[in-house]
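K.L.:
Here's a structure for you.
Numbering (my numbering), first residue to last: 4 to 461.
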């Protein structure tokens, strides 16, 4: 027996002994009758015993009630915990199913979660996102609204509602939610500011986009690695504003803005091209030629060569175009790209011997584009060398490439038949360059690896 137990037993025996001694010493007094009712008496010891029993009963009743409440609370807690574990398990199964590439089955798992826990925000967001991908925008919006009502201060439901609005081109609603996010957490609103800026850019509201971009640059000063990306995005927006100014006939203002851009970053090909076009539109063709030549020397971008080619041929000055292209070949190291475009120029001018000489000089260096084989085949065919021409035609068929695909985006790999200042797929500026489909790099071809002006801002 433990010492503590022994002490309790001894104390209990002592209390009993003391009580018995008191009762014995006062046995005469305890035997006296006590009137409890006008015609009813009880001995005093009975009154004491009854009072003790009533007190003990009341105490036991209160103790039993308290223990019952505690037991009920523990039961409810255990039931809630088991339910939460079951819901967590269903949610985890939903995520695993989604990762396995089964969105429909995952959606059913998330619906099972919501059947047991209707206000679970993460399940509402996941189910809503899956519904949105299935094109069920209204159902997705309903779930995301429930998530927002369940957690009005959380950003996740608000961003989901922005996605819902964007998916159905409801720009005003998307703006409202983005502004709400910025109001709720202005110090953590970089993502919302970027989304709001992207909406403005998508709708061509470049002035508003520039205002938001300036806010973004200030807000992201302490964000690692974001300064350069934000600067490049701002240059892209300024470029669009300058192009709009030129379209409005304000060529002086447009040229000033474009000169600032090429000075800020000489590798920005669209600014060089647009500056020359603005000068030509203003009647200063010679300045345009000078600008495009300077731009080519800075960037080695083939689009500036083709721009010069079109300019001279439209003015019936092919000898000037040939002179410029030959100068580009002589000044480029390596001369792969300008020589290829010089050959194209000769072909366009029906100077087949000169074109064949330029294309032949490229043979064996690398497998540029099917376009090279095509030009070689056409020239040989027109000279009556059908066997040699068929060799190049077979090569085009074997490679299975479209002849018109000459440009690609360095960011998203989208292909285009013509050069673009901004990729229509990913929205980046200065990312569409000539596609030679070969193992050598752009630098080895003599094309400068220009910075990409991203819409992501980072």
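All C-beta atoms, glycine included, are put in the ideal place defined by N, C-alpha and C.
Please report the straight-line C-alpha distance between residue 264 and residue 279, rounded to a whole angstrom.
P.N.:
The count along the chain shown starts at 1 and reaches residue 264 at position 261. The count along the chain shown starts at 1 and reaches residue 279 at position 276. Their backbone Cα atoms lie some 13 Å apart in a straight line.
K.L.:
Leaving aside the five residues before and after residue 129 along the sequence, list all residues of the same chain whose C-beta is less than 6 Å from its C-beta, in chain order.
P.N.:
Here residue 129 is taken as the residue at index 126 of the chain shown, counted from 1. Hits under 6 Å: 113.
K.L.:
Using the three-state DSSP reduction, which class does residue 318 fall into: helix, strand or coil?
P.N.:
Translated into the one-based positions of the chain shown, residue 318 becomes position 315. Three-state DSSP puts residue 318 in coil, outside helix and strand.
K.L.:
Classify residue 91: buried if its beta carbon has 16 or more other beta carbons within 10 angstroms, exposed otherwise.
P.N.:
In the chain shown, the residue the question calls residue 91 occupies position 88. So residue 91 ends up on the exposed side.
K.L.:
Classify residue 406 as buried or exposed, calling it buried when 16 or more other Cβ atoms lie within 10 Å of its own Cβ.
P.N.:
As a first step, residue 406 must be located in the chain shown, where it is residue number 403. For residue 406, the predicted structure reports a pLDDT of 48, less than 50, and the residue's modelled location is therefore unreliable. The matter cannot be settled from this model.
K.L.:
Distance check for residue 42 and residue 28, CA to CA, integer angstroms please.
P.N.:
Locating residue 28 in the chain shown gives position 25, counting from the first residue. Locating residue 42 in the chain shown gives position 39, counting from the first residue. In a straight line, the C-alpha of residue 28 is about 29 Å away from that of residue 42.
K.L.:
First and last residue of the alpha helix (DSSP H) that includes residue 123?
P.N.:
Taking the chain shown and counting its residues from 1, the one referred to as residue 123 is at position 120. Premise fails: residue 123 is in no alpha helix (DSSP H) and is neither H nor E.
K.L.:
Please report the distance separating the alpha-carbon of residue 347 from that of residue 358.
P.N.:
Taking the first residue of the chain shown as 1, we reach residue 347 at position 344. Taking the first residue of the chain shown as 1, we reach residue 358 at position 355. About 7 Å.
K.L.:
Which one of 76, 217, 224, 89 has the shortest CA to CA distance from residue 238?
P.N.:
Locating residue 238 in the chain shown gives position 235, counting from the first residue. The residue with the shortest Cα to Cα distance from residue 238 is 217.
K.L.:
List the residues that DSSP assigns as beta-bridge partners of residue 147.
P.N.:
What you label residue 147 is simply residue 144 of the chain shown in a count that begins at 1. Paired residue(s): none; residue 147 is not in a bridge.
K.L.:
Using the DSSP secondary-structure output, state which residues sit across from residue 37 in a beta bridge.
P.N.:
On the chain shown, position 34 is the one that residue 37 refers to. Paired residues: 45.
K.L.:
Which residue marks the beginning of the alpha helix (DSSP H) containing residue 282, and which one marks its end?
P.N.:
One-based indexing of the chain shown puts residue 282 at position 279. Note, residue 282: alpha helix (DSSP H), 272–284.
K.L.:
Around the Cβ of residue 361, are there at least 16 other Cβ atoms within 10 angstroms (buried) or fewer (exposed)?
P.N.:
Stepping through the chain shown from its first residue, residue 361 is reached at position 358. When all chains shown are included, residue 361 counts as buried.
K.L.:
Would you give the residue range spanned by the alpha helix (DSSP H) that residue 194 belongs to?
P.N.:
Taking the chain shown and counting its residues from 1, one reaches residue 194 at position 191. Its alpha helix (DSSP H) spans residues 193–205.
K.L.:
Applying the 10 Å Cβ sphere with the 16-neighbour rule, what's the burial state of residue 415?
P.N.:
Counting from one through the chain shown, the residue named residue 415 turns up at place 412. Counting Cβ neighbours within 10 Å, residue 415 comes out exposed, since fewer than 16 surround it.
K.L.:
Give a yes or no on whether the C-beta atoms belonging to residue 284 and residue 245 are separated by under 8 Å.
P.N.:
Locating residue 284 in the chain shown gives position 281, counting from the first residue. Locating residue 245 in the chain shown gives position 242, counting from the first residue. No, the pair does not count as a contact, with Cβ atoms beyond the cut-off.
K.L.:
So which of 328, 294, 287, 352 has the shortest CA-CA distance to residue 319?
P.N.:
Translated into positions along the chain shown, residue 319 becomes position 316. Checked all of 328, 294, 287, 352; the closest Cα to residue 319 is 352.
K.L.:
Any idea if residue 460 is buried or exposed, counting beta-carbon neighbours within 10 angstroms, 16 or more meaning buried?
P.N.:
Against the chain shown, residue 460 aligns to sequence position 457. The pLDDT assigned to residue 460 is 47, lower than 50, so where the model puts this residue is not dependable; a value taken from the coordinates is nonetheless given after this. Buried: at least 16 other Cβ atoms inside 10 Å.
K.L.:
In whole angstroms, give me the CA-to-CA distance for residue 94 and residue 149.
P.N.:
Counted from its first residue, the chain shown places residue 94 at position 91. Counted from its first residue, the chain shown places residue 149 at position 146. Whole-angstrom Cα-Cα distance: 18 Å.
K.L.:
Look at residue 192 and residue 185 and say whether their C-beta atoms are less than 8 Å apart.
P.N.:
Here residue 192 refers to the residue found at position 189 when the chain shown is read from its first residue. Here residue 185 refers to the residue found at position 182 when the chain shown is read from its first residue. Closer than 8 Å, so yes.
K.L.:
Under DSSP, the beta strand (DSSP E) around residue 258 begins and ends at which residues?
P.N.:
Here residue 258 refers to the residue found at position 255 when the chain shown is read from its first residue. Careful: residue 258 lies outside any beta strand (DSSP E), inside the alpha helix (DSSP H) at 254–267.
K.L.:
Note the first and the last residue of the continuous beta strand (DSSP E) segment covering residue 411.
P.N.:
Translated into the one-based positions of the chain shown, residue 411 becomes position 408. Counting along the chain, the beta strand (DSSP E) containing residue 411 begins and ends at 410–412.
K.L.:
Quick check on the burial criterion: 16 or more other C-beta atoms within 10 angstroms. Buried or exposed for residue 344?
P.N.:
What you label residue 344 is simply residue 341 of the chain shown in a count that begins at 1. Residue 344 comes out buried.
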